[in-house]
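J.: Please find one structure pasted underneath; my questions will follow.
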Amino acid sequence: MGGDHAPHVTLQGAREALEAWPGLFLFLVGDEAVLRPELARQGFTPALMARAEVVHASQTVVMEDKATSILKEKKDSSIRVAAQLVREGRAHGMVSMGHTGAAMVASSLVIGKLEGVDRPALASVLPNMKGNPTVLLDVGANVDSRAEHIAQFAVMGSVYAEEVLGLERPRVGILSVGEEDGKGTDVTKDASAMLRQMDIRFEGNAEGRDIWNGNFDVIACDGFVGNVVLKSSEALAEGIIGGLRESFMETPITKLAGLLAKPAMKRFKKKLDYAEYGGAPLLGVKGVSIIGHGRSDHKAVRNAIRAALRAAEHHLHERIQERVALLLPQD
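In terms of our numbering, the sequence shown opens at residue 6 and continues consecutively.
Shown next, in the form of structure tokens:
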């Protein structure tokens with residue numbers, strides 16, 4: 006029920022996911038009176054419905070609602086009901102394109118945090134110039150992180166890069182204002198000192214340009230900084246694509262050039278398109294939680310489900326729990 010184009014776009018993406026991955030089973034959580042008629046319109050055949058179940062939720066969290074509304078006023082909201090399915094073990098994970106804050110509250114308090122994880126972190130998978138993804142976290146779940154939190158973000162991001170993205174010994178960095186060890190705030194310097202004692206491939210400070218040049222696979226930062234980076238990056242990517250499109254339309258010659266360049270432009274746009282990755286995983290909870298963009302189209306929904314499926318297949322939260330346990334004080 007969440008997202009700017011729900012429920013038809015979310016159901017279209019769900020149908021495409023079921024068609025793409027035969028081993029997938031989906032719970033479709035929302036107002037049954039709304040979902041049932043839309044299922045037929047979106048091409049849910051009896052064969053597909055054998056691998057899907059509508060779970061009724063009488064309430065929907067809207068953007069004007071507080072994130073904590075799922076705890077009292079909207080206990081039967083689709084976000085909370087979906088999280089409850091994970092908590093009960095009926096589902097391995099949940100995917101939501103709706104209210105980001107409510108999805109994070111549902112994940113942290115209903116699904117529950119992993120032991121030893123102080124604060125779950127929202128990770129974003131961004132394309133870099135070497136053709137590989139860069140995992141940036143936290144991108145908004147925590148806006149006042151301490152050094153130990155950022156160190157945990159780095160560890161969880163490293164596990165995600167290994168297990169889900171298939172990167173062997175991912176290169177990990179702390180986002181700072183210079184590559185030298187002495188650069189940064191007290192928080193970033195303390196986090197770096199902690200990471201140097203851990204069994205990960207920590208390579209020191211990463212600068213803003215390192216998000217895009219591929220020198221690091223995982224970059225950890227405070228959620229305030231990460232969210233600003235993410236939102237500005239999305240706007241910049243849209244501006245570049247839009248500016249190039251306008252430039253190609255200026256004269257007959259540029260129109261011809263644009264026509265010839267169209268295949269290359271499509272490949273370039275695909276590299277920058279957030280829909281290719283589908284959504285951001287919330288790392289540090291007892292299950293899989295993928296939080297998508299509110300304006301997600303059907304492709305983004307399908308790919309968010311793919312991200313959740315991969316995380317479940319690789320037992321991501323269990324791997325994170327194992328790694329975080331090594332950081333806990335020993336009796």
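Yeah, the Cβ is synthetic: ideal placement off N, Cα and C, and Gly gets one too.
For a quick check, are the C-beta atoms of M6 and G103 less than 9 Å apart?
T.: Translated into the one-based positions of the sequence shown, residue 6 becomes position 1. Translated into the one-based positions of the sequence shown, residue 103 becomes position 98. Against a cut-off of 9 Å, the Cβ pair of G103 and M6 comes out as a contact.
J.: Alpha carbon to alpha carbon, how far is G35 from P51? Give it in angstroms, no decimals.
T.: Your numbering for residue 51 matches position 46 in the sequence shown. Your numbering for residue 35 matches position 30 in the sequence shown. Rounded to whole angstroms, P51 to G35 spans 20 Å at the Cα level.
J.: Per DSSP, which one or two residues make a beta bridge with F32?
T.: Here residue 32 refers to the residue found at position 27 when the sequence shown is read from its first residue. E58.
J.: Once DSSP output is grouped into helix, strand and coil, what is the label at T198?
T.: In the sequence shown, counting from the first residue as 1, residue 198 sits at position 193. Reading off the sequence, residue 198 comes out as Ala, not Thr. The answer is helix: DSSP assigns A198 an H, G or I state.
J.: In or out: M109 buried (at least 16 other Cβ within 10 Å) or exposed?
T.: As a first step, residue 109 is located in the sequence shown; it is residue number 104 there, counting from the start. With 16 or more other Cβ atoms within 10 Å, it is buried.
J.: Return helix, strand or coil for V66, following the three-state DSSP convention.
T.: Taking the first residue of the sequence shown as position 1, residue 66 is located at position 61. Here V66 sits in coil by DSSP.
J.: Take the Cβ of D336 as the centre, count every other Cβ of all protein chains shown within 10 Å, and call the residue buried at 16 or more, exposed below.
T.: Counting from one through the sequence shown, the residue named residue 336 turns up at place 331. Because D336 carries a pLDDT of 43, less than 50, the predicted location of this residue cannot be relied on, and the following value inherits that uncertainty. Answer is exposed; the Cβ neighbour count stays below 16.
J.: Put N232 into one of helix, strand or coil per three-state DSSP.
T.: To locate residue 232, count along the sequence shown from 1; it is residue 227. Helix.
J.: For the 8 Å Cβ check, are there 3 or more pairs between the stretch 205-214 and the stretch 172-185?
T.: Yes: at least three Cβ pairs fall under 8 Å.
J.: Check each candidate in W26, T73, A62 and name the one with the smallest Cα separation from R41.
T.: For the purposes of this step, residue 41 is taken as residue 36 along the sequence shown, with counting starting at 1. The shortest Cα separation from R41 among W26, T73, A62 belongs to A62.
J.: Entirely within the stretch 62-113 and at least 3 residues each: give me those beta strand (DSSP E) ranges in chain order.
T.: As far as the stretch 62-113 is concerned, its whole beta strand (DSSP E) runs of at least 3 residues are 98-101.
J.: Where F32 and T73 are concerned, what is the direct C-alpha to C-alpha distance, given to the nearest angstrom?
T.: Stepping through the sequence shown from its first residue, residue 32 is reached at position 27. Stepping through the sequence shown from its first residue, residue 73 is reached at position 68. Straight-line Cα distance between these residues: approximately 23 Å.
J.: Please report how far the alpha carbon of R151 lies from the alpha carbon of S237, in whole angstroms.
T.: Along the sequence shown, read from residue 1 onward, the residue named residue 151 stands at position 146. Along the sequence shown, read from residue 1 onward, the residue named residue 237 stands at position 232. Taking the straight line from one Cα to the other gives about 24 Å.
J.: Using DSSP with H/G/I as helix, E/B as strand and the rest coil, what is Q335?
T.: Mapped onto the sequence shown, residue 335 falls at position 330. Because Q335 sits at a pLDDT of 45, beneath the cut-off of 50, its placement in the model cannot be relied upon, and the following sentence gives the value as read from the coordinates. The answer is coil: DSSP assigns Q335 none of H, G, I, E or B.
J.: Between A166 and I258, what straight-line distance do the alpha-carbon atoms span, to the nearest angstrom?
T.: The sequence position of residue 166 within the sequence shown is 161, counting from 1. The sequence position of residue 258 within the sequence shown is 253, counting from 1. Roughly 44 Å separates the two Cα atoms.
J.: Taking only runs of the beta strand (DSSP E) that begin and end inside the stretch 261-329, which ones reach a length of at least 3 residues, in chain order?
T.: With a minimum length of 3 residues, the continuous beta strand (DSSP E) runs that stay inside the stretch 261-329 are 284-288, 293-297.
J.: Contact between the stretch 128-144 and the stretch 90-104: three or more CB pairs below 8 Å?
T.: Cβ pair count under 8 Å is below three, so no.
J.: If you reduce the DSSP assignment to three classes, tell me which class R20 lands in.
T.: By one-based count along the sequence shown, residue 20 stands at place 15. Three-state result, R20: helix.
J.: Given that a residue counts as buried once 16 or more other Cβ atoms are within 10 Å of its Cβ, and exposed if not, what is A128?
T.: Residue numbering aside, residue 128 sits at position 123 when the sequence shown is read from its first letter. Classification for A128: buried.
J.: Quick check: what's the CA-CA separation for E4 versus A107?
T.: Absent from the model: residue 4. The displayed extent of the chain is 6 to 336, so no value can be given.
J.: With V221 as the anchor, note down where its alpha helix (DSSP H) starts and where it stops.
T.: Within the sequence shown, residue 221 is the residue found at index 216, counting from 1. Correcting the residue type first, residue 221 is Phe in the shown sequence and not Val. Element bounds for F221: n/a, residue is neither H nor E.
J.: If the criterion is Cβ atoms closer than 9 Å, does the pair R20 and F49 meet it?
T.: Taking the sequence shown and counting its residues from 1, the one referred to as residue 20 is at position 15. Taking the sequence shown and counting its residues from 1, the one referred to as residue 49 is at position 44. In contact: R20 and F49 (Cβ atoms closer than 9 Å).
J.: Relative to the C-alpha of N218, which candidate in E93, V306, C226, L131 has its C-alpha closest?
T.: Position 213 of the sequence shown, counting from 1, holds the residue named residue 218. It is L131 whose Cα lies nearest to the Cα of N218.
J.: Note down, in chain order, each residue of its chain lying with its Cβ closer than 6 Å to the Cβ of G263, except the 5 sequence neighbours on either side.
T.: As a first step, residue 263 is located in the sequence shown; it is residue number 258 there, counting from the start. Counting only Cβ-Cβ distances below 6 Å, and skipping sequence neighbours, we find F253.
J.: Taking the DSSP output, what are the residues bridged to G178?
T.: The residue given as residue 178 occupies position 173 in the sequence shown. For G178, which the question treats as bridged, DSSP gives the partners I224.
J.: Based on Cα-Cα distance, which residue from L287, R201, Q17 lies nearest to N147?
T.: By 1-based counting over the sequence shown, the position of residue 147 is 142. Checking every option, the nearest Cα to that of N147 belongs to L287.
J.: Name, in chain order, the residues that DSSP records as bridge partners for T139.
T.: Sequence index remark: in the sequence shown, residue 139 carries index 134 (1-based). L131.
J.: Rounded to whole angstroms, what is the Cα-Cα separation between G8 and A156?
T.: Within the sequence shown, residue 8 is the residue found at index 3, counting from 1. Within the sequence shown, residue 156 is the residue found at index 151, counting from 1. So the two alpha carbons sit approximately 32 Å from each other.
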